[in-house]
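Enquirer: Please find one structure pasted underneath; my questions will follow.
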Amino acid sequence: MAADLRISDYLHEAPQRPSDLAQHTQCDARAMHRLLRALAGIGVFNERDDGSFELTPTGELLRSDVPGSLQSIARLIGSELQWPTLGNLSHTVRTGEPAFEHVFGMSMWEYLATNADARALFQSSMSAFSTAEVRAILDNYDFSDAITVVDVAGGQGTLLAAIVDKYPHVEGILFEQPEVTREARDQFVANGLGHRCRAIAGDMFSTIPTGADCYIMKSVLHDWDDERATRLLRICRDAMVDRARLLIITRVVRPANEPDLSKFQDLNMLINLNGAERTADEFRELLGHADLQLHEIIATPSPLSILVCTPDTSSRPGAL
Ligand SMILES: C[S@@+](CC[C@H](N)C(=O)[O-])C[C@H]1O[C@@H](n2cnc3c(N)ncnc32)[C@H](O)[C@@H]1O
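Positions in the sequence shown are counted from 1; adding 4 to them yields our numbering.
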């Protein structure tokens, strides 16, 4: 709510009283005070002796224009896309079906395709996650022997732009849905990378650009059930030359009783998309169905690991 009302953007200008903030945001002054007081209690804002509120370092992250801003992620979590579906977890647990379709009468992708505001919020949240994760990925994986990197369903291109920026010999191809490629192209041009990053529009369940030596799927497979995820991996395998690799950048669910937030993120994926977070063994099995093999799992300081996958050429007809 505080992110949606852009309270941190107002407080960045100067500390403000709840009544002033309520006026700017067209809210009730007493309710605003109680919201600010609650958030001050968990370190988002600080109440000063004169009754005005100011930003803390945590509250700074809810500004719209700071590097590493979490504003869009907080807005997404509190948005119409999340609350109604979370409130229908029981439907999902009883039926095994995503609550999103029960609530909205269509899949989340169909909803995003027809609702520009929700799509903009979703994509900017994905980019904000990527911005937070990029450093952990680049610090833990060396792209220096890659020539062409295809980021499959790479969102607005945040990760691809960072790779191409760090490795001046690398050419980047972003493969995404048409409405997203437009935003990605703008970002590449704005970062001076327009000559080395292309954005190609298409449906990854039909085709993926062929012949590159490095493919990436970051936070993509968890959107899909096993059948669709296998299909996607199969299409990717068919696009890859034998020496190419696929980097699946993803959460890996820890075994059985080990505490792991990924197990809750898994429920979130189930509710919204009929997707899944997966264990290492589940990834191995999926990859096997698509003639790919898991070569290495690289942990990073972020919740994501890098699964380095290569074609399993032993399954080709004629192979020994
Ligand atoms: C969870 S987001 C991840 C985006 C990006 N890889 C990242 O980590 O920020 C999944 C992406 O899949 C894209 N997508 C969904 N269906 C697609 C399709 N059929 N073809 C291409 N991209 C698709 C969406 O537009 C969205 O950007």
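Don't be surprised by glycine CBs; every beta carbon is placed ideally from N, CA and C.
Throw me the rounded Cβ distance for the PHE192 and ALA203 pair, which I believe falls under 8 Å.
Expert: At roughly 7 Å, the Cβ-Cβ gap stays under 8 Å, so PHE192 and ALA203 are in contact.
Enquirer: Pull the bridge partners of VAL257 from the DSSP assignment, please.
Expert: THR283
Enquirer: Is the closest heavy atom of ligand 2 to the C-beta of GLU231 under 7 Å?
Expert: For ligand 2, the structure offers nothing, since it holds only ligand 1.
Enquirer: Verify the contact flag: GLY176, CB atom, against every heavy atom of ligand 1, threshold strictly below 7 Å.
Expert: no
Enquirer: Could you name the residues that DSSP lists as bridge partners for MET221?
Expert: ILE252
Enquirer: Mind checking whether the beta-carbon of GLU187 lies closer than 7 Å to any heavy atom of ligand 1?
Expert: no
Enquirer: Any chance the region 174-182 sits against the region 254-265, with 3 or more Cβ pairs inside 8 Å?
Expert: no
Enquirer: Which complete alpha helix (DSSP H) runs does the region 175-201 hold, if anything under 4 residues is left out?
Expert: 182-194
Enquirer: What residue does the alpha helix (DSSP H) around ALA233 start on, and which one ends it?
Expert: 230-243
Enquirer: Who are GLN20's beta bridge partners in DSSP?
Expert: PHE57
Enquirer: Output yes or no for whether 8 Å exceeds the beta carbon distance between LEU296 and ASP316.
Expert: ASP316 sits close to LEU296, with the two beta carbons spaced by under 8 Å.
Enquirer: Confirm the yes/no value for this check: CB of GLN181, any heavy atom of ligand 1, distance under 7 Å.
Expert: yes
Enquirer: Under 7 Å: does the beta carbon of MET208 sit that close to some heavy atom of ligand 1?
Expert: yes
Enquirer: Using the C-alpha atoms, what's the distance from GLY215 back to LEU85?
Expert: 37 Å
Enquirer: If distances are taken between C-alpha atoms only, which option among VAL156, ASN195, ARG232 comes closest to ILE212?
Expert: With respect to the C-alpha of ILE212, the residue from VAL156, ASN195, ARG232 having the closest C-alpha is VAL156.
Enquirer: Quick check: the Cα distance between SER148 and SER210, rounded to an integer number of angstroms?
Expert: Their backbone Cα atoms lie some 30 Å apart in a straight line.
Enquirer: Could one say the Cβ of GLN191 lies closer than 8 Å to chain D's Cβ atoms, at least one of them?
Expert: As a matter of chain content, chain D is missing from the structure shown, which is built from one protein chain.
Enquirer: So who's on the other strand from GLU51, going by DSSP bridges?
Expert: PHE57
Enquirer: If the criterion is Cβ atoms closer than 8 Å, does the pair CYS218 and VAL153 meet it?
Expert: Cβ distance < 8 Å, so CYS218 and VAL153 count as in contact.
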